[in-house]
Every structure is written in C-alpha cells, then in structure tokens.
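Notes for the one structure printed next.
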Amino acid sequence: MLREWQALWRDPWQRALLLFGPLVLFLLLGALFGQGQARGLPVALVDKDGSSLSRTLGRYLAASPTLSPIPYPDEQKAYRALRAGSIYGVVLVPPGFEVEVWRQRQPKLEAVYNGQFMLVGKQVNSALTQLSGQLNAELGTLQALAVRPVAASALGQAQPIRPQLTALYNSNSDYRRFLLSAALPALLQILVVAAALLGLDRRYRQAGNGPGVDGPGLGWLWLSYTGYGLLYGTLMLALMFGLWGWPLQGGLLPLLLGLAAMSGAGSLLGFALYVLSFDPTRGLSLAAALTAPSFAFLGVSFPATDMSGFAQFWRLLLPASHYVELQTGQLYYGEGWGAVLGRLWPLLCYLALLGLIRFKLARRPA
C-alpha cells in the first residue's frame with residue numbers, strides 16, 4: 204500500500220489530480236453552494252394600478268427574504284428581461300386592481316416565473332404562493348370586519364382553515380445539504396475509479412514485458428485504492444459534519460463502512476474497465492461514460508422509483524448510488540444496523556468482478 208502511494212507521489216500529474224485534487228474539488232463545491240439558501244432573487248414588479256394596495260403588495264415582496272422586486276414600467280420590458288435571464292419572475296398588477304378587490308370581483312394578479320431553473324423556479328413559486336395567501340387572508344379579514352367587527356371571528360371567516368406545513372429532515376430547505384450530500388460521493392466515486400484504473404495501468408507499464416500483477420499484487424493494489432477512497436471519504440465527512448456543521452441523526456461508523464465498501468467496489472470497477480482493453484485512454488473513456496452522470500441517477504434530484512427501467516439498471520451499476528442510500532438513512536433518519544447491512548450487501552456484489560479481472564489478466568496480450 205505504501206509503495207502505491209509513493210508511486211502516486213512520484214507522478215506529478217497523478218499527484219496533483221488524485222492526492223490534492225479531491226480536497227480542492229470538495230472545497231470548491233462547498234464554496235459554490237456555501238450560502239445554502241436562495242436569497243434576494245430578482246423579480247420584476249409591473250404596477251399598472253398605482254394604488255395603496257398595489258404598493259402594499261410591493262412592500263410584501265420586498266419583505267420576503269427570497270425575493271428582490273425590481274420596478275419595471277411595462278410588461279414588455281419585464282418579459283424581455285425574463286427571457287434574457289436577468290430576472291427570475293414577473294409580477295403584474297393590472298389597472299383597477301384595488302377597486303376590483305373591494306368590489307369582490309376577484310381581479311387576476313398575474314405572476315410568472317422561469318421554470319427552466321428548477322431550484323430557483325421552485326423558490327420563486329413558493330415565495331409568490333406564500334405572499335398571495337397572506338395577502339388574500341388579510342384582505343378577507345378586512346372585508347369580514349365590515350360584517351363581524353370581532354377580529355378573531357372575521358379572521359375565521361376569511362380563512363376558515365389555516366394549514367400548518369412542517370418540513371421534515373431539512374427544515375430550513377438548505378439546498379447545500381440537498382445537493383452536496385449526493386454530489387460529493389459522486390465525485391469521490393469518479394476519483395476512485397480513475398485512480399484504480401491508472402494505478403493498474405502504471406503497474407503494467409512499469410513491468411514492461413514482465414508478468415505484471417499477480418494475485419497478491421492485485422489484492423494489495425485493491426487495498427491501496429480502497430484506502431485511498433476511505434481516506435478522502437473521511438475527509439468528506441469531516442467537511443460535512445465538522446466544517447459545515449450538518450446534523451447527523453445516525454452514526455459515523457456505518458458511514459465509514461459504507462465508504463470503505465463503495466471505495467472497494469469503485470476500485471474493482473476501475474480495474475475491470477482497464478482490463479477490457481488494457482488501454483488507459485479507452486478505460487478512462489468508459490469510466491467517464493459510466494460515472495460522470497452519476498448525480499442524475501442517485502435518486503436525490505429525481506426519485507429513483509420514477510426512473511425508467513434503463514435508468515434504474517444504470518443506477519444499480521454505480522457504487523455511489525448504494526452508498527448515498529446508506530448515507531441518507533444515517534443523515535436524516537438514523538437507521539439501525541439492520542437497514543445498514545441491507546444497504547451494504549449490494550456493494551459486496553462487485554466482488555464478482557474479481558473473476559473477470561483475474562481472467563483478463565491471465566490472458567493479457569504480450
């Protein structure tokens with residue numbers, strides 16, 4: 204194992220990519236999503252009414268931490284800005300809005316948002332829906348006060364049902380936890396597969412026409428890159444629960460076991476992709492095709508149960524998908540050891556690749 208790390212250190216390119224690269228990439232991803240929540244998203248406010256009620260709506264928009272209203276003189280300029288991407292939504296107050304409200308004619312308050320950016324679009328949609336509900340409740344209460352001068356009774360008439368919505372497992376809607384809890388394991392998987400593939404290739408380049416890697420040598424090489432993944436996986440956990448202070452409902456030991464299993468499976472996957480052609484360029488191309496889109500198949504940004512059959516099959520091939528299930532169970536639910544073992548056993552199935560690797564190594568062309 205020490206020999207393999209020394210070989211990595213002597214190769215400047217691999218030293219930069221595989222030894223220092225993970226830390227730099229982890230910190231870079233953390234910095235990109237460092238805020239954790241969308242704040243001050245610009246939306247256009249086109250006020251064609253100019254009434255006290257429309258100005259109240261503008262103050263509500265300005266008071267929202269999610270939105271930052273920008274006055275626009277007309278809707279054409281606002282929609283051009285929306286198409287250009289400089290704003291994320293448009294709120295259009297029609298003329299005669301206040302008069303129609305007090306006459307109870309239900310005027311239309313138009314609000315559109317850019318659904319191209321799913322995360323931002325959902326934030327804008329949620330904020331606008333919340334503001335609309337708040338404004339409707341207050342207006343309904345004022346109208347009901349004319350009939351029932353008791354404030355509580357008027358509020359009950361205006362809003363007979365007050366829903367209480369409670370977000371579980373990510374109560375403050377922190378998208379850093381939502382995204383990085385999957386993006387970092389996906390990145391670690393790519394690095395482990397690439398490192399193992401290049402490590403096996405380096406052994407054969409150093410051997411020249413010699414025998415290359417025997418059974419014990421392959422075992423030590425596998426342990427080396429399993430340790431590589433476990434080391435940087437531990438660094439990943441230190442960033443999550445130490446530097447960034449994420450709450451952990453379960454334990455660290457199941458996560459470390461999951462990282463070791465994912466790293467071992469990723470190393471075997473890298474070896475297998477290399478021995479298919481004994482060409483590092485082709486092997487890395489196959490590794491990139493298989494692991495680069497990992498994030499989309501992890502079941503975090505899109506439910507795994509709603510994926511197509513092919514997508515679910517692709518997902519099963521990725522060691523990170525099984526680890527992320529285990530990590531989610533510990534991060535949010537505090538699952539017990541029975542569930543942990545159930546998450547670990549699919550990673551043990553990658554041991555079957557050892558047969559393919561030994562078979563191909565024995566028949567390696569001279």
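For the sequence shown, our numbering assigns the number 204 to the initial residue and increments by one for each residue that follows. Note that beta-carbon positions come from the ideal geometry of N, C-alpha and C, so glycine has one too.
Original post:
Considering only the beta carbon of each residue, do residue 294 and residue 247 sit closer than 8 Å?
Top reply: Going by beta carbons, residue 294 and residue 247 fall inside the 8 Å limit.
**OP:** State yes or no: is the C-beta of residue 257 within less than 8 Å of the C-beta of residue 303?
**Re:** Result no, Cβ atoms of residue 257 and residue 303 do not sit closer than 8 Å.
Subject >> Nearest-angstrom Cα separation, counted from residue 274 out to residue 489 >> reply: When rounded, the distance between both Cα atoms is 51 Å.
Original post:
Quick one: what's got a C-beta closer than 7 Å to residue 207's C-beta in the same chain, skipping five residues either side?
Top reply: Excluding sequence positions up to five before and after residue 207, its CB lies within less than 7 Å of the CB of 402, 424 and 427, all in the same chain and listed in chain order.
Subject >> residue 313 - containing alpha helix (DSSP H), residue span >> reply: Not the alpha helix (DSSP H): residue 313 falls in the beta strand (DSSP E), residues 313-316.
**OP:** Could you give the DSSP three-state label for residue 482: helix, strand or coil?
**Re:** In the structure shown, the three-state DSSP call for residue 482 is coil.
Original post:
Quick one, which of 444, 338, 486 and 450 has its alpha-carbon nearest residue 398's?
Top reply: If we check each option's Cα against that of residue 398, 486 comes out closest.
Subject >> Whether residue 469 touches residue 392 by CB criterion (8 Å) >> reply: The Cβ atoms of residue 469 and residue 392 lie closer than 8 Å to each other.
Original post:
Helix, strand or coil: how does DSSP classify residue 565 here?
Top reply: DSSP places residue 565 in helix when its eight states are reduced to three.
Original post:
Among residues of its own chain, excluding the 5 on either side of residue 501, which ones have a beta-carbon nearer than 7 Å to its beta-carbon?
Top reply: Exclusion of the five residues before and after residue 501 leaves 385, 389, 523, 524 and 527 as the residues of its chain whose Cβ lies within less than 7 Å of its Cβ.
Original post:
Using the beta-carbon count (16 or more within 10 Å), is residue 332 buried or exposed?
Top reply: Within a 10 Å sphere around the beta-carbon of residue 332 sit fewer than 16 other beta-carbons, which makes this residue exposed.
Original post:
Nearest to residue 407 by alpha carbon, out of 394, 396 and 421?
Top reply: A check of alpha carbon separations from residue 407 across 394, 396 and 421 identifies 421 as the nearest.
Original post:
Mind checking whether residue 229 and residue 438 have CB atoms under 8 Å apart?
Top reply: In this structure, residue 438 lies closer than 8 Å to residue 229 by Cβ.
Original post:
Under the rule that 16 or more other beta-carbon atoms within 10 Å means buried, what is residue 573, buried or exposed?
Top reply: Because the chain in this structure spans residues 204 to 569, residue 573 falls outside the shown range and cannot be described.
Original post:
Between residue 416 and the rest of its own chain, which residues show a CB-CB distance below 8 Å, the 5 nearest in sequence each way excluded?
Top reply: So the list reads 403, 406, 407, 410, 424 and 564, once near-sequence residues are dropped.
Original post:
Just curious, the beta strand (DSSP E) that residue 274 is in, first and last residue?
Top reply: Per DSSP, residue 274 belongs to the beta strand (DSSP E) from 270-274.
Original post:
Hey, would you say residue 452 sits closer than 8 Å to residue 539, going by beta carbons?
Top reply: Using a Cβ distance threshold of 8 Å, residue 452 and residue 539 do not count as a contacting pair.
**OP:** Starting from residue 248, follow its DSSP beta bridges and name the residues at the other end.
**Re:** 274 and 294.
Original post:
CB residue 547 to CB residue 464, shorter than 8 Å?
Top reply: Cβ atoms of residue 547 and residue 464: closer than 8 Å.
**OP:** Pick out whichever of 290, 218 and 220 has its Cα sitting closest to the Cα of residue 244.
**Re:** When only C-alpha atoms are compared, the closest one is 290.
Original post:
Any idea what DSSP makes of residue 153, helix, strand or coil?
Top reply: A query on residue 153 cannot be resolved here, the shown segment of the chain reaching from 204 to 569 and no further.
Subject >> Distance, residue 311 Cα to residue 249 Cα >> reply: Computed Cα separation, rounded: 14 Å.
**OP:** Measure the Cβ-Cβ separation of residue 296 and residue 334 and say whether it is below 8 Å.
**Re:** Result no, Cβ atoms of residue 296 and residue 334 do not sit closer than 8 Å.
Subject >> Whole-angstrom distance between residue 315 and residue 454, CA atom to CA atom >> reply: If I take the Cα positions, the gap works out to 44 Å.
Original post:
Excluding five sequence neighbours on each side, which residues of the same chain lie with their C-beta closer than 7 Å to the C-beta of residue 330?
Top reply: The answer, listed in chain order, is 267, 269 and 270.
Original post:
Taking the continuous alpha helix (DSSP H) assigned at residue 529, which residues delimit it?
Top reply: Here the alpha helix (DSSP H) through residue 529 covers 522-531.
**OP:** Note down the Cα distance separating residue 557 from residue 471, rounded to an integer number of angstroms.
**Re:** Each residue's Cα considered, the two are about 7 Å apart.
Original post:
Under the rule that 16 or more other beta-carbon atoms within 10 Å means buried, what is residue 380, buried or exposed?
Top reply: Its Cβ being crowded by 16 or more others within 10 Å, residue 380 is buried.
Original post:
Is it right to say residue 474 is buried, meaning 16 or more other beta carbons lie within 10 angstroms of its own, or is it exposed?
Top reply: Counting Cβ neighbours within 10 Å, residue 474 comes out buried, since at least 16 surround it.
Original post:
For residue 320, which of 285, 306 and 309 has the nearest alpha-carbon?
Top reply: Ranked by Cα distance from residue 320, the first of 285, 306 and 309 is 285.
Subject >> Opening and closing residue of the alpha helix (DSSP H) in which residue 427 lies >> reply: Taken as a continuous stretch (DSSP letters only), the alpha helix (DSSP H) holding residue 427 covers 418-441.
Subject >> Top-ranked residue by Cα proximity to residue 151, from 254, 221 and 218 >> reply: Because the chain here runs from 204 to 569, residue 151 falls outside it and cannot be looked at.
Original post:
Checking contacts by CB at 8 Å: is residue 256 closer than that to chain B?
Top reply: Protein chains in the displayed structure number just one, and chain B is not present.
**OP:** For residue 288, count neighbouring Cβ atoms within 10 angstroms of its own Cβ and tell me buried if that reaches 16, exposed if not.
**Re:** Residue environment: residue 288 is assigned as exposed (fewer than 16 neighbouring CB atoms within 10 Å of its CB, all protein chains considered).
**OP:** Measure the C-alpha to C-alpha separation of residue 338 and residue 298 and round it to an integer number of angstroms.
**Re:** For residue 338 and residue 298, the distance between alpha carbons rounds to 18 Å.
Original post:
What residue does the alpha helix (DSSP H) around residue 515 start on, and which one ends it?
Top reply: Per DSSP, the continuous alpha helix (DSSP H) segment holding residue 515 begins and ends at 512-519.
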